[in-house]
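Counting from 1, one number per residue, gives the positions in the sequence shown under UniProt numbering.
Note that CB positions come from ideal geometry on N, CA and C, so glycine has one too.
Below you'll find the structure, written out as structure tokens, and then a few comments.
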Amino acid sequence: MLTAVSNGMVALLKEFYGRGPTQAKTYYQDDLVVCLLRGGFTRVEETLLDGGRGTAVIEQRMAFQEVMRDRFTAVIEHATGRPVVGFMSGNQQDPDMICEVFVLSPSDLLVEDQHPASASD
1 MLTAVSNGMV ALLKEFYGRG PTQAKTYYQD DLVVCLLRGG FTRVEETLLD GGRGTAVIEQ
61 RMAFQEVMRD RFTAVIEHAT GRPVVGFMSG NQQDPDMICE VFVLSPSDLL VEDQHPASAS
121 D
């Protein structure tokens, strides 16, 4: 399952960025999945980073990750067989890291009325 998540996330990033992260590791505990990815900045992004425009690169990455929410979530749901009720994403320039965090349902952190309704409800 951990390999499926790592491979799925790398494949999506590679598909949309033209190159994927060079390293990926996924952690799964209770209702939490964390995928930590390293490498993968494009040449354009590296040029911007070298030119002191790191904030622009990180903001663009964050916007992209929000747009990709449904696709990232689908990777997790397929691998775990559980619905995702929360998604958070973070990026760091040096050392370069992407962290994708997913909260799965059911979660002890949510009371019953906070869980998303299923299609049968």
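(message) Assuming contact is defined by CB atoms lying nearer than 8 Å, are Phe102 and Val33 in contact in what I supplied?
(response) Sequence index remark: in the sequence shown, residue 102 carries index 102 (1-based). Sequence index remark: in the sequence shown, residue 33 carries index 33 (1-based). Yes, these two residues count as a Cβ contact at 8 Å.
(message) Closer than 8 Å is the cut-off here; do at least three beta carbon pairs connect the stretch 61-76 with the stretch 91-108?
(response) Here the stretch 61-76 lies against the stretch 91-108, with 3 or more beta-carbon pairs under 8 Å apart.
(message) Using a Cβ-Cβ cutoff of less than 7 Å, which residues in the same chain neighbour Asp121 once the five nearest sequence positions on both sides are dropped?
(response) The residue given as residue 121 occupies position 121 in the sequence shown. Because the pLDDT of Asp121 is 47, which lies under 50, any placement of that residue in the model is unreliable, and the number read from its coordinates should be weighed accordingly. If we look at Asp121 and ignore the five residues flanking it on each side, it has no Cβ neighbours.
(message) Measuring straight from C-alpha to C-alpha, what distance separates Ile76 and Ala11?
(response) By one-based count along the sequence shown, residue 76 stands at place 76. By one-based count along the sequence shown, residue 11 stands at place 11. So the alpha carbons of these two residues sit roughly 13 Å apart.
(message) Quick check on the DSSP output: the alpha helix (DSSP H) that includes Gln60 runs from which residue to which?
(response) Position 60 of the sequence shown, counting from 1, holds the residue named residue 60. Under the DSSP assignment, Gln60 falls in the alpha helix (DSSP H) whose first and last residues are 54-67.
(request) Have a look at Gly8 and Gly20 and give me their C-alpha separation to the nearest angstrom. (result) Within the sequence shown, residue 8 is the residue found at index 8, counting from 1. Within the sequence shown, residue 20 is the residue found at index 20, counting from 1. Answer to the nearest angstrom: the Cα atoms are 11 Å apart.
(request) Given a cut-off of 8 Å, decide if Phe87 and Arg69 are closer than it, judged by their beta-carbon atoms. (result) Looking up residue 69 in the sequence shown gives position 69. Looking up residue 87 in the sequence shown gives position 87. Phe87 is positioned such that its CB atom lies closer than 8 Å to that of Arg69.
(request) Would you tell me roughly how many angstroms separate the C-alpha atoms of Thr22 and Ser107, rounded to the nearest one? (result) As a position in the sequence shown, residue 22 is number 22, starting the count at 1. As a position in the sequence shown, residue 107 is number 107, starting the count at 1. Roughly 31 Å separates the two Cα atoms.
(request) Could you work out which residue in Gly81, Arg38, Asp50 is closest to Ala24 when comparing CA atoms only? (result) Taking the sequence shown and counting its residues from 1, the one referred to as residue 24 is at position 24. Nearest C-alpha to Ala24: Arg38.
(message) For a test of the three-state rule: what should DSSP assign to Gly8, helix, strand or coil?
(response) Within the sequence shown, residue 8 is the residue found at index 8, counting from 1. Helix at Gly8.
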